[in-house]
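S.K.:
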Amino acid sequence: MKSKVQKKLTVNNKIKKPIDTKNGKIMKNKKIGNLFVAKKVADQEFENEENIIDNTNEFANDIDEEEEEDEDNETPVVNKVAVKITTKTLKQWEQELQTDKSSKIIKKLMDAFHVVAINILKSKKVSNLPYKIENSQVFNGIIELCIQHIPGVLKKFLHIVHDAKFEASKAKRFPKIKNTLSIYYTDIINILQTVTSPDVLTILLKHLHCTIQCTQSFPALNEALFSVLIKLWSSDEEVVRVNAFMNIIKITTTYKEAILDNLLKAMYSKYNEIAKNMTPDNFDCINFMQQSLAEIYLLDHNLAYNHAFMEIRQLALKLRNATIQKNKENIDAVYSWEYLNSIRLWSELIKNTKKQSVIRSLLYPLVQIVTSLIKLTPTSEYYPLRFHCCQLLINISQKTGTFIPVLPYLLEILKFYDFNKVKNVIVAEKMSFTCMLKVTKTQMQENAFKNSIIDNVYQLILEVATKDSNAIYFPDMYINCIMELKSFLAKCQVPSYCKKIKQIYDKIQENRQFVETERNKIIVDLSDSATILNWELTLKTRGTPLQKFYDTVSNQKINK
C-alpha cells in the first residue's frame, strides 16, 4: 500500500519528456510515481547554505591526504543481484556521511536516488540496478538523506569556496564523481519536468539552488535545466516561481558571459507567452516576471540595450502601421495585452537604470510610443487602456526624475465625457480596470463604468500632483489644471463626483499656496539648478500638503 504522504502528491503525465540518464536522449512520457521529502529539512538546508560552505575548509586537509584507490573509479560495479536497501542501511549511510570523506558514500547515495527517480518517472524497466527499494519508508528516507546531506558533502568533497566563481570540473577530485553527479542532476531535472506538486517543486528547487554551480560542468544538461527553470519561473504558484528565479539568478551572476544572451531570449519569449492575456489569476505572476526579468537584463547594460532597442523598434513599427492604416487588425495588434505588457517590461527596465546608462537613451522613444498609443483611438471605450498608459508614464517620470506631461490625458476625460448622462444599468457599484483594456458597449451603459472613470481620474491626478508637489514650478504649472477642474465642477450635476473632484481641487490649491509662500522666502536664480534642486529636496523632506494627503488616502485604501 502507498503511504499517506505519497498519496498527497499530484502529477502530470503530459509534461515535457524526461532525459534518458544513460544516453542523453529524450524518453517517452511515463506515468509518474509518488515523491515525499521532509519540507522542514529542505528549508533548513536552504537557509544554512552559507554555513555549510564556511565549514568546508576544516575538512580540506583531511581530504587531500586521503587517496581513494579502486573504490573511487567511475566504472560502476554491476551487481548480479540488486542490494535491498533497508532502514538499517540508511542509518549506516547517514553515519558514513559524517565520517567517510571519500567519493564512495556519495556514489552510494546518488545511485540509490537514481533508483528512486526511475520509480518516480516509471521508466521502462532498467536492468543491472545496484539497489532495490521495497517500501515507502526507505523510498522517502533516501530522498531525505539526499536533501539533507548532498549539498554539504559535495562542498566538502570538491572544496567549494564561499563567494568564488567555482568550476566543479576544475576540482581535483571531480573526475571521481563526474558520471554519478551527471546522472543525479539529470534525475532532478526529470523530476522537476514531471512533478506538479508545489511543495515538492519548492523542496527540489531549494535543494538544487545549494549546488547549482556544479550543473555548469555539464553543458549537455543546460538546455533542459534552463527550460525547466524558465517553465517554473512562470508558475502560478508564487513560492515555485520565486525559487526557480533564485536558481536562474545564481547561475547568471556567476556564468553570465557564457549563457546570458540565450537565457534572456528564452525568458523574454516565455514572458510574452504568459503576458498575452492579463487576468486576476496571472496578474501577480506577470508583474513578478516583469520585475525579475528586468533584474536579469540589468546584469549587462549593453546586452540589455541591444535587446530593448530591437523590441522597442518593433513596437514603434506596429504603432506606425496602426496609425497609417486604422483597420481592425492593426488596431488590435497594438491595443492588446501582449503589446502593453511589452511596454511595461521595457519601462520597468529603463526606470531602474541610472542617468548615465546606455539604456536610459531609450526613454524618449518609449514615452513617445505610450503617448501615441493614447492618441490613436481616444474614445471612451479605451479609457481603461488610457489609465494604464498614464500610470506607466507617472511611474517612469517619478523614478527617472524626467518631466512627462500626463495631466492633459486625464483632464481631457473630465472635459469631454458626459458624466451627467443617466445610466440605467446598475450591476455593480464599481468596475475594475486592472485587467481590462477596453469596455464593451453593454459595459459602457453601466453606472459602474462612470464611477470607475471618476475614481481613476481622481487617483491618477492625485499621484501626478503629489509627484510634482515639491517642485518650484508647481504654482504655475497647475494653473491650467485648476481651471479645468473648476470648469468640471461647474457643469457636473452628480454630487458624489463633484465631491471627489472638489477635494482634489482644494488640495492642489492649498499646495500651490504653500509652495508659493515658501518660494517667496528666497531669492531664486533660475540658472542655478543645483540650488533649486536642493530647495526642492528640502521641501520634500519637510512634507507638502499634497504628500500628507496622499499618504492618508493610501493608508485608508490599505486598511480597507
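All letters in the sequence shown, in the order written, are residues 5 to 564 by the working numbering.
Glycine included, C-beta positions come from ideal geometry on N, C-alpha and C.
1) Kindly indicate which residue of I252, K511, L225, L530 has the alpha-carbon position closest to the one of S238.
2) Check whether the Cβ atoms of I263 and Y309 sit closer than 8 Å, and answer yes or no.
3) Ends of the alpha helix (DSSP H) at C394?
4) Helix or strand or just coil, what does DSSP make of Y135?
5) CA-CA distance, Y272 and D422?
6) If we call anything under 8 Å between Cβ atoms a contact, is T327 one with L380?
7) Between the alpha carbons of F230 and K159, how many angstroms are there, rounded?
8) Using 10 angstroms around the beta-carbon of Y386, count the other beta-carbons present and answer buried if the total reaches 16, otherwise exposed.
9) Count the other CB atoms within 10 Å of the CB of S365; is the residue buried (16 or more) or exposed (fewer)?
10) Under three-state DSSP, which class holds E241?
11) Does the Cβ of A228 lie closer than 7 Å to at least one heavy atom of the ligand ATP?
12) In whole angstroms, what is the alpha-carbon distance linking A279 and L297?
13) Whole angstroms is fine: what's the gap from L319's alpha carbon to D104's?
14) Check this for me: beta carbons of L344 and I354, under 8 Å apart or not?
15) Would the stretch 512-529 count as touching the stretch 537-551 if we require 3 or more Cβ pairs under 8 Å?
16) Taking only the alpha-carbon atoms, compute the straight-line gap between L493 and D555 and give it to the nearest angstrom.
17) Just verifying my parser: in three-state terms, what is the DSSP assignment at F40?
18) Quick one: what does DSSP say E171 is sitting in, helix, strand or coil?
19) So, helix, strand or coil for K88, using DSSP?
20) Rank V410, I508, L396, L268 by C-alpha distance to the C-alpha of V557 and give the top, closest one.
21) Which partner residues does E416 have in the DSSP bridge list?
22) If you count every other CB in all the chains shown that lies within 10 Å of the CB of I562, and 16 or more means buried, which is it?
23) Quick check: the stretch 539-546 against the stretch 486-502, are at least 3 beta-carbon pairs closer than 8 Å?
24) Should G405 go down as buried or exposed, given a rule of 16 or more other Cβ atoms within 10 Å for buried?
25) Classify E514 as helix, strand or coil using the three-state DSSP reduction.
26) What's the C-alpha gap between K176 and Y135?
27) Kindly indicate which residue of E299, V246, V120, S376 has the alpha-carbon position closest to the one of I335.
28) Look at the alpha carbon of Q152 and the alpha carbon of R348, and state the distance between them as a whole number of angstroms.
29) Mind pulling the alpha helix (DSSP H) runs of 4 or more residues that sit fully within the stretch 257-334?
30) Identify whether E467 lies in helix, strand or coil by the three-state DSSP scheme.
31) What does the Cβ neighbour count give for E450, buried or exposed, with the cut at 16 atoms within 10 Å?
32) Considering only the alpha carbon of each residue, which of I408, I137, L323, N226 lies closest to K582?
33) Could you say if the stretch 139-147 and the stretch 193-203 meet the contact criterion of at least three C-beta pairs nearer than 8 Å?
34) Kindly indicate which three-state DSSP category E148 falls into: helix, strand or coil?
35) Does DSSP put E604 in a helix, in a strand, or in coil?
M.R.: Taking the coordinates as given:
1) I252
2) no
3) 387-404
4) strand
5) 42 Å
6) yes
7) 23 Å
8) buried
9) exposed
10) coil
11) Of ligands this structure carries none, so the ligand ATP is not represented either.
12) 13 Å
13) 60 Å
14) no
15) yes
16) 25 Å
17) With a pLDDT of only 41 at F40, under 50, the local geometry of the prediction cannot be trusted, and the value read off the model is given with reservation. If DSSP states are grouped into helix, strand and coil, F40 belongs with coil.
18) coil
19) strand
20) I508
21) DSSP, once it has assigned bridges, lists no residue as partnering E416.
22) exposed
23) no
24) exposed
25) helix
26) 29 Å
27) S376
28) 41 Å
29) 287-301, 305-328
30) helix
31) buried
32) Only positions 5 to 564 of the chain appear in the structure, and residue 582 is not among them; the question remains open.
33) no
34) helix
35) Since the first and last residues shown for the chain are 5 and 564, residue 604 lies out of range.
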